[in-house]
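Residue numbering for the sequence shown follows numbering that gives the first Met the number 0, starting at 0 and increasing by one per position.
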Amino acid sequence: MPTLKPKLAMYWAASCGGCEIALANINEALLEVDSHFDFMFCPCLLDTKRADIEALPDKAIFLTLFNGALRTEENLEMAELLRRKSQLFVAFGACAASGGIPALANQHGIGHVLKTVFRTSASADNAQGLIPGATSPVPGGELELPAFLQRVLAVHEAVTVDYTMPGCPPEPEQIVAVIRHVASGKPLPESGTLLGCTARAVCDQCSREKRGSLAARLIRPFEALPEAGWCLAEQGFACIGTATHGGCGALCPAVAMPCTGCYGALDRDADPGAAALSALAAVVDPGESSGKAEADIHAHLRNALAGVADPLGTFYRYTLATTVVADRSPEIEQ
């Protein structure tokens with residue numbers, strides 16, 4: 000009789016699908032996954048149905064990689080179902096870990112989001128101004144859409160998460176390392192541990208040189224071409240690698256793109272937006288304040304920071320669901 004392999008599942012909630020692509024990008028290491036696990040549930044890759052998961056005994060799945068935030072009631076139901084059916088449940092990727100890009104919608108109410116997407120966005124072609132409802136009559140029956148939650152949630156806000164693997168998406172080599180460790184039978188780290196990242200900042204993996212200079216002001220990426228080999232933050236670009244977990248190999252700075260913080264705040268006890276802001280403030284020249292009027296000092300600082308056109312999207316791009324400003328939206332712009 001063949002030995003039954005432990006079951007591996009992956010689910011896609013409110014996210015872009017990049018986490019599934021990252022898994023596919025482990026290339027020939029997929030054969031290792033197949034040798035160790037029965038990869039039996041992944042809606043965008045396999046045809047396993049929800050009913051098949053519901054029919055399993057509790058804890059029948061050894062490992063679930065749950066990616067995506069919780070935007071709809073269906074997302075929440077699947078998180079609860081897979082948590083119940085899984086021995087190990089991993090929040091996989093930035094959206095699952097802390098809300099990710101979908102959680103930026105938390106600054107507005109549901110009505111505002113729907114109106115923007117379906118009526119007022121530049122790409123909308125909707126002369127009748129229709130907005131999808133919970134149910135829609137169609138020939139032969141009725142279509143039902145899952146309802147929106149009041150705000151986007153990180154997965155750990157709804158179910159118990161054993162481990163978190165950050166990144167947008169997690170890097171393939173980190174995925175392989177985690178799967179190999181789990182498959183090896185070696186002792187697992189303490190519950191709550193971050194997987195697939197380092198304890199040091201992105202800057203520790205970045206090859207760009209820090210020269211100890213201060214930028215005159217923050218600049219937007221289209222305003223200048225970065226000088227090769229020199230720290231992007233010191234050149235005035237909004238790179239927050241000093242406040243972000245490493246593990247990605249500093250891939251973005253390597254191709255002249257500022258780090259946006261997808262591996263999460265280096266200090267888990269700090270507000271991630273405040274940490275990112277502090278990281279940038281540390282590389283901007285505050286200017287000479289001696290003898291200047293307060294209004295002139297403020298004007299200088301506003302100009303120096305004007306390169307951050309979208310503060311919320313810059314400092315909380317991946318973390319808005321889990322921060323002190325996370326609950327401000329349900330009562331506004333309904």
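Glycine residues also receive a C-beta, built at the ideal position from the N, C-alpha and C atoms. Predicted, not measured: the structure shown is a model, and the values here were computed from it.
Alpha-carbon to alpha-carbon, residue j and residue i
{"i": "residue 269", "j": "residue 189", "result": "21 Å"}
{"i": "residue 328", "j": "residue 153", "result": "Because the pLDDT at residue 328 is just 47, under 50, the model does not fix this residue reliably, and the value given afterwards should be weighed accordingly. For residue 328 and residue 153, the distance between alpha carbons rounds to 15 Å."}
{"i": "residue 262", "j": "residue 98", "result": "12 Å"}
{"i": "residue 122", "j": "residue 109", "result": "19 Å"}
{"i": "residue 135", "j": "residue 141", "result": "6 Å"}
{"i": "residue 114", "j": "residue 128", "result": "9 Å"}
{"i": "residue 322", "j": "residue 49", "result": "32 Å"}
{"i": "residue 294", "j": "residue 267", "result": "36 Å"}
{"i": "residue 132", "j": "residue 117", "result": "12 Å"}
{"i": "residue 309", "j": "residue 238", "result": "14 Å"}
{"i": "residue 89", "j": "residue 174", "result": "12 Å"}
{"i": "residue 285", "j": "residue 232", "result": "15 Å"}
{"i": "residue 289", "j": "residue 302", "result": "18 Å"}
{"i": "residue 0", "j": "residue 315", "result": "Only weak support exists for where residue 0 lies, its pLDDT of 47 falling under 50; the value from the coordinates is given anyway. If you take the alpha carbons of residue 0 and residue 315, they lie about 52 Å apart."}
{"i": "residue 51", "j": "residue 5", "result": "16 Å"}
{"i": "residue 287", "j": "residue 22", "result": "51 Å"}
{"i": "residue 191", "j": "residue 163", "result": "7 Å"}
{"i": "residue 44", "j": "residue 130", "result": "30 Å"}
{"i": "residue 207", "j": "residue 236", "result": "13 Å"}
The ligand GDP heavy atom lying under 8 Å from the CB of residue i
{"i": "residue 301", "result": "Absence of the ligand GDP is noted for the structure shown, with no ligands found whatsoever."}
Buried versus exposed call for residue i [16 or more other C-beta atoms within 10 Å across all chains shown]
{"i": "residue 272", "result": "buried"}
{"i": "residue 58", "result": "exposed"}
{"i": "residue 227", "result": "exposed"}
{"i": "residue 177", "result": "buried"}
{"i": "residue 101", "result": "buried"}
{"i": "residue 66", "result": "buried"}
{"i": "residue 14", "result": "buried"}
{"i": "residue 151", "result": "buried"}
{"i": "residue 260", "result": "buried"}
{"i": "residue 253", "result": "exposed"}
{"i": "residue 234", "result": "buried"}
{"i": "residue 36", "result": "buried"}
{"i": "residue 221", "result": "exposed"}
{"i": "residue 193", "result": "buried"}
{"i": "residue 64", "result": "buried"}
{"i": "residue 137", "result": "exposed"}
{"i": "residue 240", "result": "buried"}
{"i": "residue 333", "result": "Residue placement at residue 333 is poorly supported in this model, since its pLDDT is 45, which falls under 50; the coordinates still yield a value, given next. Flag for residue 333 reads exposed."}
{"i": "residue 184", "result": "exposed"}
{"i": "residue 187", "result": "exposed"}
{"i": "residue 245", "result": "buried"}
{"i": "residue 161", "result": "buried"}
{"i": "residue 119", "result": "exposed"}
{"i": "residue 105", "result": "buried"}
{"i": "residue 225", "result": "buried"}
{"i": "residue 159", "result": "exposed"}
{"i": "residue 155", "result": "buried"}
Beta-bridge partners of residue i, as assigned by DSSP
{"i": "residue 164", "result": "91"}
{"i": "residue 6", "result": "37, 60"}
{"i": "residue 206", "result": "DSSP lists no partner for residue 206."}
{"i": "residue 85", "result": "60"}
{"i": "residue 65", "result": "10, 90"}
{"i": "residue 135", "result": "142"}
{"i": "residue 244", "result": "200"}
{"i": "residue 147", "result": "71"}
{"i": "residue 283", "result": "214"}
Cβ-Cβ separation, residue j to residue i (assumed contact under 8 Å), whole Å
{"i": "residue 198", "j": "residue 242", "result": "That belief does not hold up - the Cβ atoms of residue 198 and residue 242 are roughly 14 Å apart, past 8 Å."}
{"i": "residue 92", "j": "residue 196", "result": "At roughly 12 Å, the Cβ-Cβ gap does not stay under 8 Å, so residue 92 and residue 196 are not in contact."}
{"i": "residue 304", "j": "residue 103", "result": "About 20 Å separates the two Cβ atoms, so there is no contact after all."}
{"i": "residue 30", "j": "residue 61", "result": "Rounded, the Cβ-Cβ distance is 19 Å, inconsistent with contact."}
{"i": "residue 20", "j": "residue 257", "result": "Contact flag wrong, Cβ pair sits at about 22 Å."}
{"i": "residue 219", "j": "residue 166", "result": "Not confirmed; about 25 Å, so no contact."}
Residue i at chain C interface by Cβ criterion, 9 Å
{"i": "residue 198", "result": "Annotation note: the requested chain C is absent from the structure, which comprises a single protein chain."}
Taking contact to mean 3 or more Cβ pairs, one atom from each stretch, closer than 8 Å, check whether the stretch 234-252 and the stretch 194-211 are in contact. The stretch 234-252, when compared against the stretch 194-211, does touch it at the 8 Å Cβ threshold.
Under 8 Å: do the stretch 21-38 and the stretch 75-89 share three or more Cβ pairs, one atom per stretch? Here the stretch 21-38 makes no contact with the stretch 75-89; the two share fewer than three CB pairs at distances below 8 Å.
Could you tell me whether the stretch 65-73 touches the stretch 137-157, using the rule of 3 or more Cβ pairs below 8 Å? Touching, yes, given that three or more Cβ pairs across the two stretches are closer than 8 Å.
Could you tell me whether the stretch 28-41 touches the stretch 5-13, using the rule of 3 or more Cβ pairs below 8 Å? Yes, the stretch 28-41 is in contact with the stretch 5-13.
Any contact of the stretch 207-218 with the stretch 277-288, i.e. 3+ C-beta pairs under 8 Å? Contact holds: three or more Cβ-Cβ distances are below 8 Å.
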